[in-house]
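**Student:** One structure, pasted below without further comment.
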Amino acid sequence: MPDRGDELFEVRVKKREQLIARGVNPYPARFKRTHTNQAALHLFEAFELEKGKTESLRSEPVRVAGRITAMRGMGKASFNKLMDGTASIQAYLRKDILGAQYDLLPDLDLGDFLGVSGPMFRTRTGEVTVEAKEIVILSKALRPPPEKWHGLKDVEQRFRQRELDLMASEEIRNRFRMRSTILHSIRNFMDNRGFIEVETPILVPIPAGAMAQPFVTKHNALDRTLFLRIATELYLKRCVIGGLDKVYEIGRVFRNEGIDFKHNPEFTTMESYEAYADYHDVMEMVEEMVSTAAQEATGGLRVKFGDETLDFTPPWPRLNLRQAILDRTGIDITPFLETLDVAKREGKDVAEAETLAATGLAAKMREAHIDPGIRASIGLLVDKIVSDKVEPTLIQPTFLVDYPKEMSPLAKQREDDPRLVERFEGFAAGMEIANSFTELNDPVEQRARFQEQEELHKLYGNEDFDRLDEAFLLAMEHGMPPTGGLGVGIDRIAMLFAGERSIREVVLFPQLRT
RNA sequence: GGCCCGAUAGCUCAAUGGCAGAGCAGCUGACUCUUAAUCAGCGGGUUCCAGGUUCAAAUCCUGGUCGGGUCACCA
């Protein structure tokens with residue numbers, strides 16, 4: 000593209016041509032290394048221990064390579080920094096050693112890849128350095144790297160051209176290495192507990208299993224509307240029904256909603272389902288899993304997050320939802336759940352019962368200066384209170400337990416109080432990181448709950464209610480064991496461990512407004 | 001979608017209505033142990049776009065594009 004960068008671009012294109020004209024291939028297919036940069040550095044340090052440090056000490060020759068990140072030329076000698084995926088190593092290039100090869104130097108630029116071979120030594124200033132006997136250009140870069148000292152600051156460019164962000168910052172590279180460690184750690188943890196990893200459809204006929212707006216797409220040959228999944232939940236339960244007692248899936252889910260610092264339209268979840276477990280069992284599993292991941296990804300159980308230090312050491316406090324709301328707002332949600340329950344038992348239809356209870360709670364919320372928003376069902380209202388008044392106060396890892404049934408159409412009621420379900424959510428740094436329940440496995444009750452969601456959907460004209468999935472109900476009618484289910488937000492975990500408040504900092508290529 | 005803020009050299013940033021600048025990167029030259037190498041010199045701009053106010057606009061006004069923050073919506 001013709002922009003003002005063209006001048007620098009043209010200079011590099013010319014150098015590329017000059018190399019070719021001199022019979023040098025600027026893009027050779029291979030360069031056999033003997034060591035990564037890090038391995039070479041370690042090798043020399045070990046060698047020094049063995050032989051003793053002297054200025055003239057030279058190791059056996061090594062062949063190393065990397066991107067040129069610094070060039071300090073001094074006429075007939077030059078110090079260049081080469082960065083590979085493991086470390087940076089300095090190369091010392093001398094005209095009297097390299098001879099004609101030294102004339103390649105004017106055609107090299109920051110950003111090019113270079114291979115060097117030669118013995119290692121330690122410079123007077125103490126840096127382990129390869130004394131090049133041979134240099135090979137491995138790849139000519141045609142555009143300059145970001146500014147070497149300040150790096151890349153422009154937020155938009157950092158996200159749109161993440162490769163430049165990575166190139167310029169070891170911290171960013173390490174952040175995504177850490178994200179990989181989290182994924183490995185969690186996989187390992189689940190595998191070790193006897194779970195099997197499965198893959199379920201991303202293109203689905205009904206976007207069910209959560210309350211969210213889906214992306215819509217179309218299969219041409221079938222001439223059929225399909226959706227991108229908003230959760231993996233229902234398919235995973237069907238695996239459990241089929242006899243795969245312990246399954247998990249790590250995968251991307253897609254929600255067609257607002258984009259902000261906490262939400263990317265595609266994000267990664269780990270969902271697991273375990274037959275014969277309940278939400279207490281899952282709670283213990285989550286503590287253990289997240290603290291193990293913290294240990295492996297950050298090297299400890301305590302992680303700095305802004306001004307706070309999050310301590311993931313189990314056990315995490317359990318906080319009763321009703322009590323937590325009462326403590327923070329003075330609102331007791333129980334009477335409203337009671338109103339709803341009584342109204343339903345008296346045979347009022349869902350709309351009538353909902354309106355009765357929701358109106359009361361919304362009024363109470365206004366008294367407490369909480370905006371109830373519009374078109375809100377009792378479930379959404381309670382969710383709103385939690386989001387506004389409870390969630391932000393949960394800095395240290397905490398479980399919020401026992402949710403109203405209306406918020407959780409897939410969770411099993413408590414035996415001692417059918418207005419509540421056996422559900423918990425895990426929070427840290429004021430963010431939700433996990434959601435779990437003892438799964439509802441009564442197909443008749445499940446159908447009723449779905450139907451209620453459908454009615455709420457009509458009543459509030461809102462897309463964000465769970466949908467009735469016949470294939471799932473049919474599966475459940477074949478018998479589903481008591482099961483403990485879990486969903487964990489991998490991006491949120493990565494944010495916590497990275498100490499970052501923005502999800503964009505832990506997603507390599509986040510969605511931007513375009 | 002509403003509100004607030006921002007966009008200046010390839011990159012990082014100055015210039016508060018009066019000649020658009022610095023550092024890095026680039027180019028030329030010097031330099032065989034440098035560490036953001038140093039030294040001397042040179043080039044580099046549709047100041048996001050379109051319009052307006054003004055003798056004069058990077059700067060003020062209007063609209064737009066893109067981004068950030070925030071609210072709404074939403075895990």
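Take the first sequence: its letter number 418 is residue 417 in numbering that gives the first Met the number 0, and every next letter is one higher. Note that beta-carbon positions come from the ideal geometry of N, C-alpha and C, so glycine has one too. All figures in this text were calculated on a predicted structure; none of them were measured in a lab.
#1: Report all residues from its chain with a CB closer than 6 Å to the CB of SER138; omit the five preceding and five following residues, and keep chain order.
#2: Closest by CA to MET430, which one among LEU458, HIS218, GLY498 and LEU473?
#3: Going by C-alpha distance, which of GLN452, PHE449, ALA428 and SER407 is nearest GLY484?
#4: Quick check on DSSP: helix, strand or coil for PHE78?
#5: I need the boundaries of the alpha helix (DSSP H) containing PRO334, first residue and last residue.
#6: Taking just the CA atoms, how far does ASP106 sit from GLY4?
#7: Thinking C-alpha only, which one of PRO480, PHE260, THR268 and PRO264 is nearest ARG254?
#8: Run through DSSP, which three-state label would ASP2 get?
#9: Work out the CA separation of ALA45 and THR180 for me, nearest whole Å.
#10: In chain order, which continuous runs of the beta strand (DSSP E) of length 3 or greater are located wholly inside the region 195–257?
#11: Helix, strand or coil for LYS363, going by three-state DSSP, please let me know.
#12: Would the beta-carbon of ALA356 fall within 8 Å of that of PHE335?
#13: Grab the span of the beta strand (DSSP E) containing THR128 for me, first residue to last.
#14: Give me the residue from VAL115, PHE226 and ALA274 with the minimum Cα distance to LEU235.
#15: Rounding to the nearest angstrom, what Cα-Cα distance links LEU221 and PRO391 in this structure?
#16: In terms of residues, what are the limits of the alpha helix (DSSP H) holding ILE377?
#17: So does GLU283 have its beta carbon nearer than 7 Å to some heavy atom of the ligand NAD?
#18: How long is the line joining the alpha carbons of ALA140 and PHE508, rounded to whole angstroms?
#19: Excluding the 5 residues flanking THR85 on each side, which residues of the same chain have their C-beta closer than 8 Å to its C-beta?
#20: Unbroken beta strand (DSSP E) runs of length 3 or more, entirely within the region 136–195: which are they?
#21: If you reduce the DSSP assignment to three classes, tell me which class GLY98 lands in.
#22: State the DSSP-derived secondary structure class of GLU438, mapped to helix, strand or coil.
#23: Among the candidates LYS152, ARG57 and MET73, whose CA atom is the shortest distance from the CA of LYS132?
#24: Along the chain, where does the beta strand (DSSP E) that runs through GLN89 open and close?
#25: With DSSP as the reference, label PHE426 as helix, strand or coil.
#26: Could you check which residue in GLU414, PRO313, ILE240 and HIS368 has the C-alpha nearest to that of HIS477?
#27: Considering only the alpha carbon of each residue, which of ARG178, HIS262, ILE88 and LEU473 lies closest to THR297?
#28: DSSP three-state label for PHE449, please.
#29: Which residue or residues does DSSP assign as beta-bridge partners of THR268?
#30: Answer with buried or exposed for THR268, where buried requires no fewer than 16 other C-beta atoms within 10 angstroms of its C-beta.
#31: Can you list, in chain order, the stretches of the alpha helix (DSSP H) that have 4 or more residues and sit fully within the region 281–334?
#32: Note down the Cα distance separating THR224 from LEU182, rounded to an integer number of angstroms.
#33: According to DSSP, what are the bridge partners of SER407?
#34: If the criterion is Cβ atoms closer than 8 Å, does the pair ALA427 and LEU309 meet it?
#35: Using alpha carbons as the reference points, say which of ALA167, THR128, THR122 and MET73 lies closest to LEU109.
#36: Within 10 angstroms of its Cβ, does GLN89 collect 16 or more other Cβ (buried), or is it exposed?
**Tutor:** To lay it out plainly:
#1: TYR26 and PHE112
#2: GLY498
#3: SER407
#4: strand
#5: 333–344
#6: In this prediction, GLY4 scores a pLDDT of 49, lower than 50, which makes its location untrustworthy; the coordinate-derived value is nonetheless stated afterwards. Straight-line Cα distance between these residues: approximately 18 Å.
#7: PRO264
#8: The predicted model places ASP2 with a pLDDT of 40, which falls under 50 and marks its position as unreliable; any figure quoted below should be read in that light. ASP2 falls in the coil class under three-state DSSP.
#9: 28 Å
#10: 215–218, 223–227 and 245–253
#11: helix
#12: yes
#13: 127–130
#14: ALA274
#15: 46 Å
#16: 377–384
#17: As for the ligand NAD, it is missing from this structure, which has no ligand bound.
#18: 22 Å
#19: THR35, ASN36, GLN37 and ALA38
#20: none
#21: helix
#22: strand
#23: ARG57
#24: 87–93
#25: strand
#26: ILE240
#27: ARG178
#28: helix
#29: GLY250 and GLY488
#30: buried
#31: 320–328
#32: 32 Å
#33: Bridge partners of SER407: none, in fact.
#34: yes
#35: ALA167
#36: buried
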